[in-house]
Amino acid sequence: MRPELEEIKLLEALLGGQLQEEQEQELEIQLLWDQALQQKVALQQVAYQAIQEAGRKQLRQELQSIHRRLFS
Amino acid sequence: MYCYCLQQLQLKKEYIFVRMMGDMSAAFRINPKKHMQTTETPVMAAGIREALVQHREKTLEKMYAKAYPMVLHYVKQHHGSPHDAQDLLQDAMILFYEKVVHQQLTLTAAPTTYLMAVCKNRWRRELEKRHREQGLTPEVAEQLQEETDPVMEAPTVALTGFVERLGQKCHDILVSFYYLGQQMEQIAQQHQYRNVRSATVQKFKCLERLRKSLSGFSSHHFR
Numbered sequence: 001m002r003p004e005l006e007e008i009k010l011l012e013a014l015l016g017g018q019l020q021e022e023q024e025q026e027l028e029i030q031l032l033w034d035q036a037l038q039q040k041v042a043l044q045q046v047a048y049q050a051i052q053e054a055g056r057k058q059l060r061q062e063l064q065s066i067h068r069r070l071f072s
Numbered sequence: 001m002y003c004y005c006l007q008q009l010q011l012k013k014e015y016i017f018v019r020m021m022g023d024m025s026a027a028f029r030i031n032p033k034k035h036m037q038t039t040e041t042p043v044m045a046a047g048i049r050e051a052l053v054q055h056r057e058k059t060l061e062k063m064y065a066k067a068y069p070m071v072l073h074y075v076k077q078h079h080g081s082p083h084d085a086q087d088l089l090q091d092a093m094i095l096f097y098e099k100v101v102h103q104q105l106t107l108t109a110a111p112t113t114y115l116m117a118v119c120k121n122r123w124r125r126e127l128e129k130r131h132r133e134q135g136l137t138p139e140v141a142e143q144l145q146e147e148t149d150p151v152m153e154a155p156t157v158a159l160t161g162f163v164e165r166l167g168q169k170c171h172d173i174l175v176s177f178y179y180l181g182q183q184m185e186q187i188a189q190q191h192q193y194r195n196v197r198s199a200t201v202q203k204f205k206c207l208e209r210l211r212k213s214l215s216g217f218s219s220h221h222f223r
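Those protein sequence lines, which keep their order, are chains B and H. Counting along the first sequence from 1, when you hit position 64 you're at 64 in my numbering, and nothing is skipped either side. Counting along the second sequence from 1, when you hit position 13 you're at 13 in my numbering, and nothing is skipped either side.
#1: Quick one: is threonine 113/H buried, meaning 16 or more other Cβ sit within 10 Å of its Cβ, or exposed?
#2: Going by DSSP, what residue range makes up the alpha helix (DSSP H) through serine 65/B?
#3: As a quick exercise: from Ala92/H, Tyr97/H and Thr200/H, pick the residue whose alpha carbon is nearest that of valine 118/H.
#4: Would alanine 199/H pass as an interface residue toward chain B - the criterion being a Cβ-Cβ separation below 8 Å?
#5: For valine 163/H, which residues of its own chain have a beta-carbon under 8 Å away from its beta-carbon, when the five flanking residues on both sides are left out?
#6: Using only alpha-carbon positions, find the residue among Gly181/H, Ala199/H and Leu180/H that is nearest to glutamine 189/H.
#7: On the DSSP letters alone, give me the boundaries of the alpha helix (DSSP H) that phenylalanine 96/H sits inside.
#8: Straight-line CA distance for glutamate 50/H to tyrosine 74/H?
#9: When you compare the CB of valine 175/H with every CB in chain B, is at least one pair closer than 8 Å?
#10: Helix, strand or coil: which one does DSSP assign to threonine 108/H?
#11: Let me know if proline 32/H comes out buried or exposed under the rule of 16 or more other beta-carbons within 10 Å of its beta-carbon.
#12: What separation, rounded to the nearest whole angstrom, lies between the Cα atoms of methionine 184/H and histidine 55/H?
#13: Note down, in chain order, each residue of its chain lying with its Cβ closer than 8 Å to the Cβ of lysine 13/H, except the 5 sequence neighbours on either side.
#14: Between which two residues does the alpha helix (DSSP H) containing arginine 2/B stretch?
#15: For leucine 89/H and arginine 122/H, which I take to be in contact (beta-carbon distance under 8 Å), what is that distance rounded to the nearest angstrom?
#16: Quick check on DSSP: helix, strand or coil for histidine 171/H?
#17: Where does tyrosine 68/H fall in DSSP's three states?
#18: With a threshold of 8 Å between beta-carbons, can methionine 70/H be considered close to chain B, or not?
#19: If you draw a straight line from the alpha carbon of valine 132/H to that of glutamate 126/H, how long is it in whole angstroms?
#20: Would you say glutamine 49/B reaches chain H, if we count a Cβ-Cβ gap shorter than 8 Å as a contact?
#21: With 16 other CB atoms within 10 Å as the buried threshold, where does glutamate 53/B fall?
#22: Give the straight-line distance between the Cα atoms of arginine 56/B and leucine 60/H, rounded to the nearest whole angstrom.
#23: Short of 7 Å in beta carbon distance, which residues of its chain neighbour leucine 52/H, apart from the five on each side in sequence? Order them along the chain.
#24: With DSSP collapsed to three states, give me the class of glutamine 54/H.
#25: Just verifying my parser: in three-state terms, what is the DSSP assignment at cysteine 3/H?
#26: Beta carbon of isoleucine 8/B, beta carbon of leucine 207/H: below 8 Å?
#27: If you compare alpha carbons, which of Val41/B, Gln39/B and Ala50/B is closest to threonine 160/H?
#28: Report the rounded CA-to-CA distance for methionine 21/H versus glutamate 21/B, giving the unit in angstroms.
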């Protein structure tokens with residue numbers, strides 16, 4: 001994968017608490033001064049939030065069509 | 001079974017998020033609920049989890065067929081309409097899905113029993129709310145409504161759009177993996193990717209596009 005994608009993967013591991021302690025601390029220190037990285041982490045969290053909303057919407061639509069199939 | 005849990009991704013390191021985003025955190029923060037943990041063996045939950053993830057529509061349909069008549073009966077007896085029953089059950093089932101798939105909920109009762117309990121509880125609260133609002137002028141009632149609505153509601157609609165605008169392929173891969181809890185093997189197979197690796201690369205590309213498109217949204221809304 002190209003470096004940008006590797007970074008996304010790394011931030012995902014950070015957010016999920018799946019990094020080794022040492023690596024996690026390293027990143028957290030970088031986050032203290034690296035504003036661009038801070039922004040990326042924040043946006044990635046909003047991205048997961050957006051996916052959750054999209055998922056809920058899809059599930060709702062599936063339930064609606066189940067309802068129509070079964071009860072109307 | 002290993003899974004990236006959405007709740008976890010949003011909750012861990014919340015302090016970073018809060019520290020960095022200022023206003024934005026208020027709009028997107030989720031209540032940091034602790035993961036449900038238990039010493040019991042989650043035999044039943046493991047079974048239902050697998051059924052939900054592997055055969056979602058079939059499993060949901062079975063549960064719906066069983067639960068809806070019960071919820072409808074209950075709601076009708078308690079001043080509600082079929083429409084209320086429908087909303088109530090669908091909310092409860094979405095909650096159920098998320099709990100079982102992402103939080104490893106340990107079920108100690110049948111799914112229908114769990115759903116009924118959630119519906120009854122929520123319906124009781126809804127009735128109390130409606131009761132309180134009776135006798136208020138429409139203006140006051142509306143104001144109250146605005147105040148009690150979750151903070152999340154306004155940006156929610158817009159956020160969904162960002163995922164949809166990525167196109168069907170990205171929408172499906174992101175939602176299937178992060179929300180529906182499917183394994184990459186299953187996703188690669190269903191969406192005709194060459195192998196798990198190429199599906200995984202695609203997933204991160206989609207996430208990159210989503211993140212990029214959201215940067216416009218956040219600066220527009222929160223600065």
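Even for Gly, the Cβ is constructed at its ideal location relative to N, Cα and C.
Well, looking at it:
#1: Here the question's residue 113/H lines up with position 113 in the second sequence. Exposed, because fewer than 16 other Cβ atoms sit within 10 Å of the Cβ of threonine 113/H.
#2: Here residue 65/B corresponds to residue number 65 of the first sequence, with the count starting at 1. Element bounds for serine 65/B: 35 to 71.
#3: Walking along the second sequence from the start, residue 118/H turns up at place 118. Considering only Ala92/H, Tyr97/H and Thr200/H, the residue with the shortest C-alpha distance to valine 118/H is Ala92/H.
#4: Numbered from 1 along the second sequence, position 199 holds the residue referred to as residue 199/H. With 8 Å as the cut-off, alanine 199/H does not count as an interface residue toward chain B.
#5: In the second sequence, counting from the first residue as 1, residue 163/H sits at position 163. Closer than 8 Å at the Cβ level, and outside the excluded window around valine 163/H, lie Cys170, His171, Leu174, Val175 and Leu210.
#6: Taking the second sequence and counting its residues from 1, the one referred to as residue 189/H is at position 189. Comparing Cα-Cα distances from glutamine 189/H to each of Gly181/H, Ala199/H and Leu180/H, the minimum goes to Ala199/H.
#7: For the purposes of this step, residue 96/H is taken as residue 96 along the second sequence, with counting starting at 1. Run containing phenylalanine 96/H: 82 to 102, per the alpha helix (DSSP H) assignment.
#8: Translated into positions along the second sequence, residue 50/H becomes position 50. Translated into positions along the second sequence, residue 74/H becomes position 74. Rounded to the nearest angstrom, the gap between the Cα atoms of glutamate 50/H and tyrosine 74/H is 30 Å.
#9: As a first step, residue 175/H must be located in the second sequence, where it is residue number 175. Residue contact with chain B for valine 175/H: present (Cβ-Cβ distance below 8 Å to some residue of chain B).
#10: Within the second sequence, the letter at position 108 stands for residue 108/H. Correct three-state label for threonine 108/H: coil.
#11: In the second sequence, counting from the first residue as 1, residue 32/H sits at position 32. The predicted position of proline 32/H is uncertain, since its pLDDT is 32 and thus under 50; a value taken from the coordinates is nonetheless stated next. Exposed, since its Cβ has fewer than 16 Cβ neighbours within 10 Å.
#12: Within the second sequence, the letter at position 184 stands for residue 184/H. Within the second sequence, the letter at position 55 stands for residue 55/H. Rounded to whole angstroms, methionine 184/H to histidine 55/H spans 15 Å at the Cα level.
#13: Taking the first residue of the second sequence as 1, we reach residue 13/H at position 13. Only weak support is given to the placement of lysine 13/H: the predicted model assigns it a pLDDT of 43, under 50, and the value that follows is read from those uncertain coordinates. Counting only Cβ-Cβ distances below 8 Å, and skipping sequence neighbours, we find nothing.
#14: Taking the first sequence and counting its residues from 1, one reaches residue 2/B at position 2. Neither: arginine 2/B is in no alpha helix (DSSP H) and is coded neither H nor E.
#15: For the purposes of this step, residue 89/H is taken as residue 89 along the second sequence, with counting starting at 1. For the purposes of this step, residue 122/H is taken as residue 122 along the second sequence, with counting starting at 1. That pair is no contact at about 10 Å.
#16: Sequence index remark: in the second sequence, residue 171/H carries index 171 (1-based). In the structure shown, the three-state DSSP call for histidine 171/H is helix.
#17: Numbered from 1 along the second sequence, position 68 holds the residue referred to as residue 68/H. The answer is helix: DSSP assigns tyrosine 68/H an H, G or I state.
#18: Along the second sequence, read from residue 1 onward, the residue named residue 70/H stands at position 70. So no, methionine 70/H is outside the interface.
#19: Taking the first residue of the second sequence as 1, we reach residue 132/H at position 132. Taking the first residue of the second sequence as 1, we reach residue 126/H at position 126. Inspection of the sequence shows that residue 132/H is occupied by arginine rather than by valine. Whole-angstrom Cα-Cα distance: 10 Å.
#20: Working through the first sequence from its first residue, we reach residue 49/B at position 49. With 8 Å as the cut-off, glutamine 49/B counts as an interface residue toward chain H.
#21: Your numbering for residue 53/B matches position 53 in the first sequence. Residue environment for glutamate 53/B: buried (at least 16 other C-beta atoms within 10 angstroms of its C-beta).
#22: Mapped onto the first sequence, residue 56/B falls at position 56. Mapped onto the second sequence, residue 60/H falls at position 60. Spanning the two alpha carbons is a distance of roughly 14 Å.
#23: Within the second sequence, the letter at position 52 stands for residue 52/H. Closer than 7 Å at Cβ, skipping near neighbours: Thr59, Tyr97, Val100 and Val101.
#24: In the second sequence, counting from the first residue as 1, residue 54/H sits at position 54. Under the three-state reduction of DSSP output, glutamine 54/H falls in the helix class.
#25: By 1-based counting over the second sequence, the position of residue 3/H is 3. Caution applies to cysteine 3/H, whose pLDDT of 47 falls short of 50 and renders its modelled position unreliable; the value that the coordinates give is listed next. Shown here, cysteine 3/H sits in coil according to DSSP, grouped into three states, outside any helix or strand.
#26: The residue you call residue 8/B lines up with position 8 of the first sequence. The residue you call residue 207/H lines up with position 207 of the second sequence. Yes.
#27: Stepping through the second sequence from its first residue, residue 160/H is reached at position 160. Ala50/B is the residue among Val41/B, Gln39/B and Ala50/B whose C-alpha sits nearest the C-alpha of threonine 160/H.
#28: One-based indexing of the second sequence puts residue 21/H at position 21. One-based indexing of the first sequence puts residue 21/B at position 21. Reliability of the predicted coordinates at methionine 21/H is poor, the pLDDT of 35 falling under 50, and no value is obtained from them.
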